[in-house]
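Written out below as structure tokens is the structure these notes cover.
Residue numbers (the UniProt record's numbering): 1 to 155.
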């Protein structure tokens, strides 16, 4: 099965380890790639599936949780070190609050997208707890271990 993934070595290798023929392809080519059979499918989250209107060319969707990409707040160490301890603490507190709000909003957005998919009669099977994502966390995916430079499981 030819599955489109973003062009990162980790993404390509992960899908290959999962048994797919991973294909690096720009997001703007995915719809036509599925439409013409160049690829059999693509991996992405439900909101992106809806936003990019993959419904007409993708009959099914599997919610596997094989990638969970975090949003990050990055700050220059040079600038950080110039802040007072109080300023640093405020930034950490506000960042944590923003993180919790983002998680809540993402869950709502994700649920809405899944409902739209179900409403258009798309199969949305979920992998059960302890399956793909959990086995990868436990270190079953050598790609993740190699990319992290560790033999330890990921948290």
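The beta carbon of each residue, even a glycine, is placed where N, CA and C say it ideally should be.
Fair warning: this is a prediction, and the values are worked out from it, not measured in the lab.
Taking the C-alpha atoms as reference points, what is the distance between residue i and residue j?
{"i": "residue 117", "j": "residue 92", "result": "37 angstroms"}
{"i": "residue 154", "j": "residue 28", "result": "Any answer about residue 154 is weak, because its pLDDT of 44 lies below 50 and its placement is not dependable; what the coordinates show is given next. Distance between the alpha carbons of residue 154 and residue 28: 32 angstroms."}
{"i": "residue 17", "j": "residue 11", "result": "10 angstroms"}
{"i": "residue 35", "j": "residue 110", "result": "24 angstroms"}
{"i": "residue 24", "j": "residue 84", "result": "45 angstroms"}
{"i": "residue 54", "j": "residue 1", "result": "17 angstroms"}
{"i": "residue 71", "j": "residue 98", "result": "11 angstroms"}
{"i": "residue 82", "j": "residue 145", "result": "36 angstroms"}
{"i": "residue 73", "j": "residue 48", "result": "22 angstroms"}
{"i": "residue 120", "j": "residue 62", "result": "15 angstroms"}
By the DSSP assignment, the beta strand (DSSP E) with residue i in it spans what residues?
{"i": "residue 21", "result": "21 to 24"}
{"i": "residue 4", "result": "2 to 5"}
Given that a residue counts as buried once 16 or more other Cβ atoms are within 10 Å of its Cβ, and exposed if not, what is residue i?
{"i": "residue 157", "result": "With the chain covering 1 to 155 only, the question about residue 157 has no answer from this structure."}
{"i": "residue 87", "result": "exposed"}
{"i": "residue 30", "result": "buried"}
{"i": "residue 5", "result": "buried"}
{"i": "residue 51", "result": "exposed"}
{"i": "residue 68", "result": "exposed"}
{"i": "residue 60", "result": "exposed"}
{"i": "residue 43", "result": "buried"}
{"i": "residue 105", "result": "exposed"}
{"i": "residue 15", "result": "buried"}
Is the distance from the Cβ of residue i to the Cβ of residue j below 8 angstroms?
{"i": "residue 113", "j": "residue 9", "result": "no"}
{"i": "residue 58", "j": "residue 41", "result": "yes"}
Need the endpoints of the alpha helix (DSSP H) that residue i sits in, please.
{"i": "residue 43", "result": "Residue 43 -> no alpha helix (DSSP H), and no H or E assigned at all."}
{"i": "residue 36", "result": "30 to 36"}
{"i": "residue 93", "result": "85 to 119"}
{"i": "residue 77", "result": "77 to 82"}
{"i": "residue 74", "result": "No alpha helix (DSSP H) contains residue 74, which DSSP labels as neither H nor E."}
{"i": "residue 9", "result": "9 to 17"}
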